[in-house]
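Novice:
Protein chains: 4
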Amino acid sequence: MAKDEKQKIIIDASLEVFREKGFANTRMADIANRAGVSYGLVYHYFSSKEVLFDAIVESWWKVVYDMLELNSASESDFEKILNNIILFFLDTYDTNPNLMAIFITEVSRSSVYHTPRGLSKFRNMFVLFEEIMSIGQKKKVLRSDIATHYLTYIFLGAIEAFLSVVVLGNEKLTQDRKNRAATSIISVFLNGAKCS
Amino acid sequence: MAKDEKQKIIIDASLEVFREKGFANTRMADIANRAGVSYGLVYHYFSSKEVLFDAIVESWWKVVYDMLELNSASESDFEKILNNIILFFLDTYDTNPNLMAIFITEVSRSSVYHTPRGLSKFRNMFVLFEEIMSIGQKKKVLRSDIATHYLTYIFLGAIEAFLSVVVLGNEKLTQDRKNRAATSIISVFLNGAKCS
Amino acid sequence: MAKDEKQKIIIDASLEVFREKGFANTRMADIANRAGVSYGLVYHYFSSKEVLFDAIVESWWKVVYDMLELNSASESDFEKILNNIILFFLDTYDTNPNLMAIFITEVSRSSVYHTPRGLSKFRNMFVLFEEIMSIGQKKKVLRSDIATHYLTYIFLGAIEAFLSVVVLGNEKLTQDRKNRAATSIISVFLNGAKCS
Amino acid sequence: MAKDEKQKIIIDASLEVFREKGFANTRMADIANRAGVSYGLVYHYFSSKEVLFDAIVESWWKVVYDMLELNSASESDFEKILNNIILFFLDTYDTNPNLMAIFITEVSRSSVYHTPRGLSKFRNMFVLFEEIMSIGQKKKVLRSDIATHYLTYIFLGAIEAFLSVVVLGNEKLTQDRKNRAATSIISVFLNGAKCS
DNA sequence: CATGAATGAGGGTTCATTCAT
DNA sequence: CATGAATGAACCCTCATTCAT
């Protein structure tokens, strides 16, 4: 429909602008201009700047949660699961770098998003990650002498750190590089960085 | 001197407020109130909000760079170096949780800080980290089949992820917990998460 | 006709909303919603918010003027005429409390309505009231040692004050109470409040 | 002090503008311009348009309540008390016509002011008026066969109606005219409008 | 050094009105 | 007739910064 199309145009424009300027420095006028629509139309679809931002973030959480739950329920080989997860993030960066950048710079750490509600979303992701690590431990793939949340910190931290560098450098990811990154991260995570 | 004392009072107050509200939502008036000084005095010492924030961040970068350079030049056992680095961050959180929180939420990822100048500071830290990892590889402690920057992502990412959880949860760290965290992170980083 | 019906639906809805929120705080969207019609249809029938409001007020003035002219020409006993006038206002409140409330709160005093044109409508009512008082004086029912406009102030003021209290308190008027109010007001107006 | 003077300048300017345009059509910029101060200074003293308006209205209620309580406690002749009350309103119009106009057009009836809190202020005045009427009845000056509140409606209504005409016509009141108005209103109120 | 009054540009939001379908 | 998407001027309020005392 025309309606959904316009919404999409506005959301896409806001993804660009939020990414470029950050939430605090984004003007609703910037979004309207970028979208090529009038000032008021943005408000016709989104009742406030925050609502617009939330719409973006919610859609992000949904796909993350879905992805994690899917992998949580998966019967695949555990290493394959880890690989899926990393590639999910890298592929998302590929197809929607603005969304990924916003997640990294405005959501994952930014105090702006850390209202109680925002925090719970973040924690929820963490819990889902932890479940997967717990599965790895139950399957005897992962060590059990390390508390599950440390495994989570390290795996999630590696992904975020890699994404941060890519995002902040505005780098382009080839399929090849994505695979190498996933392989390297998983290799260190599972086998360690120490010389054998 | 009285001068330095007042400056310190203002900086301490701003650490609190920046931590609580984030840079964008902090008012100069908030800082003045928290410091118990007049509105204009803040401007007497810091010519703008940004200058005040930068003063804080610069002091942070200085200690981080110093610490990394010290460890870079250190003759210690490599594992000991890694341990020093982790404990540096955890100890800083202990003694100055506001500074650590600001680093995590306002600097390390936030787009607010990602002016070209801010980015270069961040990259500089990354380079120093990378040098240490490179040393580990030269010393044959770390694998050389993994690109140095991946080792960096994983190690730095783990620290940041752990700190994030602690900071966002406003948690208290005992000496014991700090040691356990360091040990766990290093153990996984070096030996891997896989069951042996 | 369908046309007139829709107009009436819109007018009735606007009476409700204008009464509840006042002219300034009424949105055209509120009226459309209350009427259960689309946004644009209100504009189809009324070219602006002011035109809609005026349509209401004009209809009010018309019945007031008609009523006053009728009583002005009436051969009835003067006391009966005063009674008719009071009961006209009270009956109107009964049948159309929203209209009465709008008159009291938005028209009779509100500066919103006091454009030159609005004022002239108001003055016109005052003149008609004054004519009736003048008739009372000519008929030797009312004292002539009091300037006609003072008689008008007192009589009209009493009606407005009573209506104000009823309107602001959103009170229900029984036939009995209406009669008592009319009798009391007229008794004091004609015979005075002093103990005899 | 400079501070109080500036406040007064702003309040005086806002009295003018509120009177001319009404609350809803008054721009904060208008007030600042009229006061000859910067835009922000208005907010320095009054945190919102509503707070500024309330400051005005509160000061009004205070003098009204004080005046009514004084007359309530007065040992004077009852007719003298009625005269005092009327002259209070007329004198206030004389010295501060803008305040009086705002009371008449924006407060006494306007729905804008009829929040629950606004209403209670209005009712409070009504109650104080009613007490005075009740005293008149107890003193056997006023008839007791008429419910007290009807006496109140008629007396208060007469004052308001007179003031309304004066305010809307932007008329000038001489001392002489004030006295005649008071005498006429009281004469009709006490002795009635009927020819004897 | 210290105070806090004063400034005014900037930005989010509202909402009457228009217009394409 | 009817719809509701689209427009954009208007306005309240914020707050970093300046400045007189």
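Each protein sequence line maps, in turn, to chains R, B, H and C. Heads up: the first sequence at position 104 corresponds to 104 in my numbering, and the numbers run straight through without jumps. Take any residue in the second sequence, count from 1 to its spot, add 1000: that is its number in my numbering. Take any residue in the third sequence, count from 1 to its spot, add 2000: that is its number in my numbering. Take any residue in the fourth sequence, count from 1 to its spot, add 3000: that is its number in my numbering. Ideal Cβ placement from N, Cα and C applies to all residues, glycine included. Every value quoted in this text rests on a predicted model; they were computed, and no experiment measured them.
The alpha helix (DSSP H) that contains S187 of chain R, what's its start and end?
Specialist: 175-191 is the span of the alpha helix (DSSP H), which, as asked, contains S187 of chain R.
Novice: For L3142 of chain C, write down the residues that DSSP places opposite it in a beta bridge.
Specialist: Its beta-bridge partners are H:K2194.
Novice: Mapping DSSP to helix, strand and coil, what is N3124 of chain C?
Specialist: Looking at N3124 of chain C - three-state DSSP - the assignment turns out to be helix.
Novice: Just the chain H side, please: which residues come within less than 8 Å of I3185 of chain C by C-beta, in chain order?
Specialist: Chain H residues near I3185 of chain C: Y2150, Y2153, I2154.
Novice: Mind pulling the chain C residues with CB within less than 7 Å of N2191 of chain H?
Specialist: Per Cβ cutoff of 7 Å: G3192, K3194.
Novice: Do the CB positions of L1015 of chain B and L1090 of chain B come within less than 9 Å of each other?
Specialist: Not closer than 9 Å, so no.
Novice: Compare the C-alpha of K3121 of chain C against each of C:R3177, C:V3063, C:S3047, C:K3140 and name the closest.
Specialist: Among C:R3177, C:V3063, C:S3047, C:K3140, the Cα nearest to that of K3121 of chain C belongs to C:V3063.
Novice: Using a Cβ cut-off of 9 Å (strictly closer), state whether K2080 of chain H contacts chain C.
Specialist: So no, K2080 of chain H is outside the interface.
Novice: Helix, strand or coil for T2115 of chain H per DSSP?
Specialist: If DSSP states are grouped into helix, strand and coil, T2115 of chain H belongs with coil.
Novice: Rounding to the nearest angstrom, what Cα-Cα distance links K1194 of chain B and V42 of chain R in this structure?
Specialist: Looking at the two C-alpha atoms, the distance is approximately 50 Å.
Novice: Here's the rule I'm using: 16 or more other beta-carbon atoms within 10 Å means buried, otherwise exposed. How should V1165 of chain B be labelled?
Specialist: By the 10 Å Cβ count, V1165 of chain B comes out buried.
Novice: Reducing DSSP to helix, strand and coil, say where F3046 of chain C ends up.
Specialist: Here F3046 of chain C sits in coil by DSSP.
Novice: Check for me: the alpha helix (DSSP H) holding I1104 of chain B runs from which residue to which?
Specialist: No alpha helix (DSSP H) contains I1104 of chain B, which DSSP labels as neither H nor E.
Novice: Quick check on G2157 of chain H - is its C-beta less than 9 Å from some C-beta in chain C?
Specialist: True, the Cβ-Cβ gap to chain C drops below 9 Å.
Novice: Considering only the beta carbon of each residue, do S1076 of chain B and E106 of chain R sit closer than 9 Å?
Specialist: No, Cβ-Cβ distance for S1076 of chain B and E106 of chain R is not below 9 Å.
Novice: Using the beta-carbon count (16 or more within 10 Å), is G1169 of chain B buried or exposed?
Specialist: By the neighbour-count rule (16 or more Cβ atoms within 10 Å), G1169 of chain B is not buried but exposed.
Novice: Does the beta carbon of R1143 of chain B sit closer than 9 Å to a beta carbon anywhere in chain R?
Specialist: It does: the Cβ of R1143 of chain B has a partner Cβ on chain R nearer than 9 Å.
Novice: Go to E171 of chain R, then tell me how far its alpha helix (DSSP H) extends in each direction, as first and last residue.
Specialist: Neither: E171 of chain R is in no alpha helix (DSSP H) and is coded neither H nor E.
Novice: Return no unless some Cβ of chain C is closer than 9 Å to the Cβ of K2006 of chain H.
Specialist: It does not: the Cβ of K2006 of chain H has no partner Cβ on chain C nearer than 9 Å.
Novice: Evaluate T205 of chain R with the Cβ neighbour count: other Cβ atoms within 10 Å of its Cβ, from every protein chain shown; 16 or more gives buried, anything less gives exposed.
Specialist: What the structure shows of chain R is the stretch from 1 to 196, and residue 205 of chain R is not part of that stretch, so it cannot be assessed.
Novice: Less than 8 Å between the CB atoms is what I'm expecting for F3126 of chain C and F3155 of chain C, so what's the real figure, rounded?
Specialist: Rounded, the Cβ-Cβ distance is 11 Å, inconsistent with contact.
Novice: Would you kindly check if the distance between the Cβ of N1124 of chain B and the Cβ of Y1065 of chain B is under 9 Å?
Specialist: Yes, these two residues count as a Cβ contact at 9 Å.
Novice: Classify R2034 of chain H as helix, strand or coil using the three-state DSSP reduction.
Specialist: Residue state, collapsed to three classes: helix.
Novice: So what's A161 of chain R in DSSP terms, helix, strand or just coil?
Specialist: It is helical.
Novice: Sort C:A3158, C:M3133, C:F3129, C:S3059 by Cα distance to A3182 of chain C and report the nearest one.
Specialist: With distances taken between Cα atoms, A3182 of chain C lies closest to C:A3158.
Novice: For the alpha helix (DSSP H) containing E3079 of chain C, name the first residue and the last one.
Specialist: Element bounds for E3079 of chain C: 3078-3095.
Novice: Beta-carbon separation of Y1039 of chain B and A1029 of chain B under 9 Å?
Specialist: Yes.
Novice: Which residues in chain R sit within 7 Å of S1164 of chain B, going by Cβ to Cβ distance?
Specialist: By Cβ distance, chain R contributes R109.
Novice: Report yes or no: is there a C-beta of chain B within less than 9 Å of the C-beta of V57 of chain R?
Specialist: Cβ-Cβ to chain B under 9 Å: no for V57 of chain R.
Novice: Mind pulling the chain R residues with CB within less than 8 Å of I1146 of chain B?
Specialist: Near I1146 of chain B (Cβ distances below 8 Å), the residues of chain R are S184, S187, V188, A193.
Novice: Could you list which residues in chain H have their beta carbon closer than 9 Å to that of L3119 of chain C, in chain order?
Specialist: Correct list: L2168, G2169.
Novice: Would you say F2088 of chain H faces chain C, with C-beta separation under 9 Å as the test?
Specialist: Answer no: the Cβ-Cβ gap between F2088 of chain H and chain C never drops below 9 Å.
Novice: Does K2140 of chain H come within less than 9 Å of chain C when only Cβ atoms are used?
Specialist: It does: the Cβ of K2140 of chain H has a partner Cβ on chain C nearer than 9 Å.
Novice: May I ask you to report which of helix, strand or coil DSSP gives G2040 of chain H?
Specialist: Three-state result, G2040 of chain H: helix.
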